[in-house]
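Enquirer:
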Amino acid sequence: MIRIEPRENTSRAFALGVPVLAALVALLLAAIPLLAAGANPITAYGEMIKGVFGSVFAVSEMLTRATPLIFTGLAAALAFRAKLWNIGAEGQLYLGAMAAVAVGSGWLDISGLLLVPLIVVIGAAAGAAGMVAPTYLKVRFGADEVVTTLLLNFIILIFLQMMLEGPLQDPMSLGWPQSAPILDQGVLPPLMDRMRVHSGLILALVLAGIAQFMLLRSVWGFKLRAVGENAAAARHAGINVKRSLFGVAAISGGLAGLAGVSEVAGLKGYLTADLSPGFGYTGIVVAMLAGLSPVGVVIAALFIASVFVGADSMSRAMGVSSFLADLVVSMSLLCVLVGGFLSKYRILRTAKAEATS
Amino acid sequence: MTDQTVLKLNGLSKRFGPVVANDDVSLTLGRGEVLALLGENGAGKTTLMNMLFGHYLPDAGTVEVADPGGTLHPLPLGHPQAALAAGVGMVHQHFALAENINALDNITLGSEPLLSLRRDRRAAERKIKDIMARSGLTAPQDVPVGRLSVGERQRVEILKALYRDARILVLDEPTAVLTPQEADTLFANIKTMTAEGLSVIFISHKLREVLAFSDRIAVLRHGRKVGEMATSEADEGTIARLMVGADTPKVAREAATPGAPVLTLQNVSVAGRSKRDTLQGVTLTVHAHEILGIAGISGNGQSGLANLISGLAVPTAGMIRVDETEIARPSAATMVAAGIGRIPEDRHHEGIVGAMSVAENMVIERLGDPDIQSRGLLRRDAIQANAEGLAQAYDVRGPGVGAAARLLSGGNIQKLILARVFERAPRLILANQPTRGLDMGAAAEVGRRLLEARGRGAGVVLISEDLDEILGLADRIMVIRDGALVEAGTMDRAKIGLMMAGEPA
Ligand SMILES: Nc1ncnc2c1ncn2[C@@H]1O[C@H](COP(=O)(O)OP(=O)(O)OP(=O)(O)O)[C@@H](O)[C@H]1O
Ligand SMILES: [Mg+2]
Chain P
451 MIRIEPRENT SRAFALGVPV LAALVALLLA AIPLLAAGAN PITAYGEMIK
501 GVFGSVFAVS EMLTRATPLI FTGLAAALAF RAKLWNIGAE GQLYLGAMAA
551 VAVGSGWLDI SGLLLVPLIV VIGAAAGAAG MVAPTYLKVR FGADEVVTTL
601 LLNFIILIFL QMMLEGPLQD PMSLGWPQSA PILDQGVLPP LMDRMRVHSG
651 LILALVLAGI AQFMLLRSVW GFKLRAVGEN AAAARHAGIN VKRSLFGVAA
701 ISGGLAGLAG VSEVAGLKGY LTADLSPGFG YTGIVVAMLA GLSPVGVVIA
751 ALFIASVFVG ADSMSRAMGV SSFLADLVVS MSLLCVLVGG FLSKYRILRT
801 AKAEATS
Chain U
496 MTDQTVLKLN GLSKRFGPVV ANDDVSLTLG RGEVLALLGE NGAGKTTLMN
546 MLFGHYLPDA GTVEVADPGG TLHPLPLGHP QAALAAGVGM VHQHFALAEN
596 INALDNITLG SEPLLSLRRD RRAAERKIKD IMARSGLTAP QDVPVGRLSV
646 GERQRVEILK ALYRDARILV LDEPTAVLTP QEADTLFANI KTMTAEGLSV
696 IFISHKLREV LAFSDRIAVL RHGRKVGEMA TSEADEGTIA RLMVGADTPK
746 VAREAATPGA PVLTLQNVSV AGRSKRDTLQ GVTLTVHAHE ILGIAGISGN
796 GQSGLANLIS GLAVPTAGMI RVDETEIARP SAATMVAAGI GRIPEDRHHE
846 GIVGAMSVAE NMVIERLGDP DIQSRGLLRR DAIQANAEGL AQAYDVRGPG
896 VGAAARLLSG GNIQKLILAR VFERAPRLIL ANQPTRGLDM GAAAEVGRRL
946 LEARGRGAGV VLISEDLDEI LGLADRIMVI RDGALVEAGT MDRAKIGLMM
996 AGEPA
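Protein sequences, first through last, are from chains P and U.
Numbering-wise (the numbering used here), the first sequence opens with residue 451 and increments by one.
Numbering-wise (the numbering used here), the second sequence opens with residue 496 and increments by one.
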């Protein structure tokens, strides 16, 4: 017979091991659709690994893909820690991107030393505004932020299309809905010659480190955790719950906005309505995989980026569908959820009871 | 009562990491018997009952339960469903009802097969009516449980167990949340039920009710059974010595002259959501060196008064003054800053953040203090050292200060809160039901600390439904009824009781 009992204490190694194991299990499970597609899983995994680590270019591509996921993963992880359910990182990403092209593509022709920080700050502020507004509705009227932030994504996307065919449209684009390019001095500099990986990655890593440190070591993080775990007790202890929520809303939205900034100013150079293939939503998966830990977000983002990039190049090499990447990502999320359950509860096999009652 | 044994616990042991919660505990229970399980906070009472009920799997030991015919069968351990099927029902220290559905549905929930869509509601209603008539336990069936009083919710919990044909009923601190009158009624009902063959184990820290209503007493200390006796052969002194292994010190209470006012409320009203948290034009003054007792039947505005003094409720009218300063915009933070120490009624919900560590919970009210943080960063060594010192000084026992606070036993959670409040040497202490669920030693400790604070010059507002506690500690008593406060002007138990009930003294 099988029974489930809460674990009294989860060891650190166990807590860290579960997501890793889950990821491996997910990769193994991916062999099933591969076989179904008529591919040899071993060769396929080989191609995947080559596609991610086979060359400097491959690694650069993977890091490029991980960069926005670190930003959006952090956005989700911090908000979720406070039980503020920000599902709107996708919209906030586009707000950040719009702000970046609005100030960065010619409106202000100033030195890069000023322009780059300005783009970063304004982009973050725009994303922040995109999360603070729904938080206000939540605090003031009790509007569920899951609904408001999710719906806001669609509104922002339509607003974006309007802007790309209006004020933000590049006059030289021959009618294509795309913005004017970011000025050369406003571009986030690449990290390597002729590679796409750019300094947005450095910014993301630094922010992840800061987030981790602040969450565990600062009074701000203490309050955030208290509000998330038991808002009534936090309020009773004199913690300003609303202020904590607004604070984390601004930071979460700002991080999502930076994902947009880093994509336009670091990678694409101009803004189109397909800048993000759902980085905002994938960020939620990243955060969950990471157990809402900022450092974990970096690792989870690298993993998911590897799967996407690896599956891409594998599908090109072997002629199987690249949807496999989505499959692995969703399966690893499922595996982690199961793993998370296993790390909180233990499943015991007990001898079948001698007497039936 | 017959000699027939309905339950045997044989050598049950359970450890949580370094904590030995139960060590080789054996117990028997006879048909129709009422067994009182006693022990200090953290002695392992709840853990023992949780193993019986299948919530925890013992590290060693077995359980045998008699079938209706009286033959003992081993109980598969670790299966609440098996315990239920064998006729064991448990009412937990913290209720587990669904707040938004009514009593009837709460009672029947989980008893029917999942797939029978059209439940036989009529039959269920009839069965519950029948149980209520036989046991004397009544509760409104058609109101959402969230709107019932604590006493009513508890009766719903018991009805739920009886509805599942429990023949052995375990009650974990059933009277901790009841008024003395409610408790008496509960025990009268229990007597009716045991006469019909129900067997009961109840956990309590109140020796008076244990001596009055149990047949037999078992005492746990540090997880071991240290004594067992027929109630007729027991007295308070023996039990107390068994529980703590020593005599409990009597709380000495010296006369004190009240000083200057520390808290003044003038015509303060609070618009609450129900009678529990509504205040109507309350005026009171608490002086330095004074304990003001607030007596009243539960649900008469005590929560409103507590919320107000805690800074959780904003008054709709009136004035609050702490010392000489008027508090214009009360909030929890301003009240803490004004030097008010608050001991909340619901310690799990408002007192601690269960998922955070004991050490973190000990500093949660003073995150701004320079010894806790510098420039916004936590001083972790200081927090750790602070916690170790406080755990020592206030005897907070459990798996260590780094462990999550929810892992502490109920009584130790209260000690954590006491430590947090008293270490700041507050000007005024709001103590709302401070000894609820505490063992005698710990309760005496609370009394001692409150008197010590009074001696130091603090004012104390002591809200309690236990009139004896108020009579034992307070210098002055006010009675709360329908959200209004009146001076009792007497220390006479009977007169105050009449005022509480709203009859002219
Ligand atoms: N899940 C758990 N993990 C770790 N320690 C635990 C757990 N449950 C209980 N303990 C510890 O086991 C000991 C016994 O706890 P238990 O809740 O049984 O005490 P109790 O006798 O019911 O006390 P109280 O009168 O305060 O309710 C305590 O030291 C407690 O901290
Ligand atoms: Mg207990």
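Each residue gets a CB set at the ideal place from its N, CA and C atoms; glycine is no exception.
Verify the CB distance criterion: does P:Gly556 have a CB-CB separation below 8 Å to chain U?
Expert: So, not an interface residue.
Enquirer: Quick check: what's the CA-CA separation for P:Ile499 versus P:Pro584?
Expert: Near 41 Å, if we compare the C-alpha coordinates of P:Pro584 and P:Ile499.
Enquirer: In chain order, what residues of the same chain have a beta carbon less than 8 Å from the beta carbon of P:Leu787, not counting five sequence neighbours either side?
Expert: Excluding residues within five positions, the ones whose Cβ falls inside 8 Å are Met738.
Enquirer: Under 9 Å, CB to CB, which of the residues in the segment 863-882 of chain U have a partner in chain P?
Expert: Here the close residues are Gly863, Ile867, Gln868, Gly871, Leu872, Leu873 and Arg875.
Enquirer: I'd like to confirm something about U:Thr541: is its beta-carbon nearer than 7 Å to some heavy atom of ligand 2, or not?
Expert: Flag set: Cβ of U:Thr541 near ligand 2.
Enquirer: Please report the straight-line C-alpha distance between U:Ser709 and U:Lys509, rounded to a whole angstrom.
Expert: Computed Cα separation, rounded: 26 Å.
Enquirer: In this structure, does DSSP put P:Ile482 in helix, strand or coil?
Expert: In this structure, P:Ile482 counts as helix in the three-state DSSP scheme.
Enquirer: Are the C-beta of U:Leu524 and some C-beta of chain P separated by less than 8 Å?
Expert: No, because no Cβ of chain P sits closer than 8 Å to the Cβ of U:Leu524.
Enquirer: Which of the three DSSP states is assigned to P:Ser765 in this structure?
Expert: P:Ser765: helix per DSSP, three-state reduction.
Enquirer: Check whether the Cβ atoms of P:Gly501 and P:Asp762 lie closer than 8 Å to each other.
Expert: Contact: yes.
Enquirer: For P:Trp670, return the contacting residues in chain U, with the cut-off set at a CB-CB distance below 8 Å.
Expert: Within chain U, the residues near P:Trp670 are Gly871.
Enquirer: Alpha carbon to alpha carbon, how far is U:Leu530 from U:Ile696?
Expert: Their backbone Cα atoms lie some 5 Å apart in a straight line.
Enquirer: Using only the alpha-carbon positions, how far apart do P:Gly719 and P:Pro727 sit?
Expert: Each residue's alpha carbon lies about 16 Å from the other.
Enquirer: Name the DSSP beta bridge partners of P:Met622, please?
Expert: Paired residues: none, contrary to the question.
Enquirer: Could you have a look at U:Ser904 and say whether DSSP puts it in helix, strand or coil?
Expert: Of the three classes helix, strand and coil, the one that applies to U:Ser904 here is coil, per DSSP.
Enquirer: Look up U:Ala812 in the DSSP assignment and say whether it is helix, strand or coil.
Expert: Looking at U:Ala812 - three-state DSSP - the assignment turns out to be strand.
Enquirer: Relative to the C-alpha of U:Val781, which candidate in U:Gln761, U:Ser769 and U:Gly767 has its C-alpha closest?
Expert: For the residues U:Gln761, U:Ser769 and U:Gly767, the minimum Cα distance to U:Val781 belongs to U:Gln761.
Enquirer: Using a C-beta cutoff of 8 Å, does P:Val475 count as contacting chain U?
Expert: Taking Cβ atoms only, chain U never reaches closer than 8 Å to P:Val475, which makes this a no.
Enquirer: Between the segment 756-775 of chain P and the segment 574-582 of chain P, can you find at least three pairs of beta-carbon atoms closer than 8 Å?
Expert: As far as the Cβ criterion goes, the segment 574-582 of chain P does not touch the segment 756-775 of chain P, which means the pair count is below three.
Enquirer: Report the neighbours of P:His648 on chain U: residues whose CB is nearer than 8 Å to its CB, in chain order.
Expert: Residues of chain U passing the Cβ test: none, with the nearest at roughly 31 Å.
Enquirer: Between U:Met496 and chain P, is any beta-carbon pair separated by less than 8 Å?
Expert: Confidence at U:Met496 is low in this model, with a pLDDT of 45, below 50, so its placement is unreliable and the value that follows should be read with caution. False, the Cβ-Cβ gap to chain P never drops below 8 Å.
Enquirer: May I ask which residues mark the beginning and end of the beta strand (DSSP E) holding U:Ser764?
Expert: From DSSP, the beta strand (DSSP E) with U:Ser764 extends over Pro756 to Val765.
Enquirer: How big is the Cα-Cα spacing for U:Gly740 and U:Ala899?
Expert: Cα to Cα, U:Gly740 sits roughly 29 Å from U:Ala899.
Enquirer: Looking at the C-beta of U:Gly849, does it have a partner C-beta in chain P at a distance below 8 Å?
Expert: Yes, because at least one Cβ of chain P sits closer than 8 Å to the Cβ of U:Gly849.
Enquirer: If we cut at 8 Å on Cβ distances, does U:Gly692 have a partner in chain P?
Expert: Closer than 8 Å: no.
Enquirer: How would you list, in chain order, the residues of chain P whose beta-carbon sits under 7 Å from the beta-carbon of U:Pro513?
Expert: Ordered by position in chain P, no residue passes the 7 Å Cβ test against U:Pro513, which lies about 10 Å from the chain.
Enquirer: Out of P:Ser694, P:Leu651 and P:Ala687, which one is the CA nearest neighbour of P:Ala755?
Expert: For the residues P:Ser694, P:Leu651 and P:Ala687, the minimum Cα distance to P:Ala755 belongs to P:Leu651.
Enquirer: Using a Cβ cut-off of 8 Å, which residues of the segment 684-702 of chain P contact any Cβ in chain U, in chain order?
Expert: Under the 8 Å Cβ criterion, the segment 684-702 of chain P contributes Ala684, Arg685, His686, Ala687, Gly688, Ile689 and Asn690.
Enquirer: At 8 Å on the CB atoms, spell out the chain P contacts of U:Pro565, in chain order.
Expert: The question names Pro, but residue 565 of chain U is Gly in the sequence shown. Result: empty, since nearest Cβ-Cβ is about 14 Å, beyond 8 Å.
Enquirer: Taking only the alpha-carbon atoms, compute the straight-line gap between U:Arg642 and U:Ser793 and give it to the nearest angstrom.
Expert: Computed Cα separation, rounded: 14 Å.
Enquirer: Roughly how many whole angstroms lie between the Cα atoms of U:Leu946 and U:Arg716?
Expert: If you take the alpha carbons of U:Leu946 and U:Arg716, they lie about 28 Å apart.
Enquirer: If you measure from the CB of U:Gly846, is any heavy atom of ligand 2 nearer than 7 Å?
Expert: It does not: the Cβ of U:Gly846 is nowhere closer than 7 Å to a heavy atom of ligand 2.
Enquirer: Grouping DSSP H, G and I as helix and E and B as strand, with all else coil, what is U:Ile712?
Expert: The answer is strand: DSSP assigns U:Ile712 an E or B state.
Enquirer: For P:Thr806, name the three-state secondary structure that DSSP assigns.
Expert: Because P:Thr806 sits at a pLDDT of 33, beneath the cut-off of 50, its placement in the model cannot be relied upon, and the point is left open.
Enquirer: Give a single yes or no on whether U:Ser699 has its beta carbon closer than 7 Å to a heavy atom of ligand 2.
Expert: False, no ligand heavy atom lies under 7 Å from that Cβ.
Enquirer: Rounded C-beta distance between P:Ser712 and P:Leu638? I'm assuming under 8 Å.
Expert: Contact flag correct, Cβ pair sits at about 6 Å.
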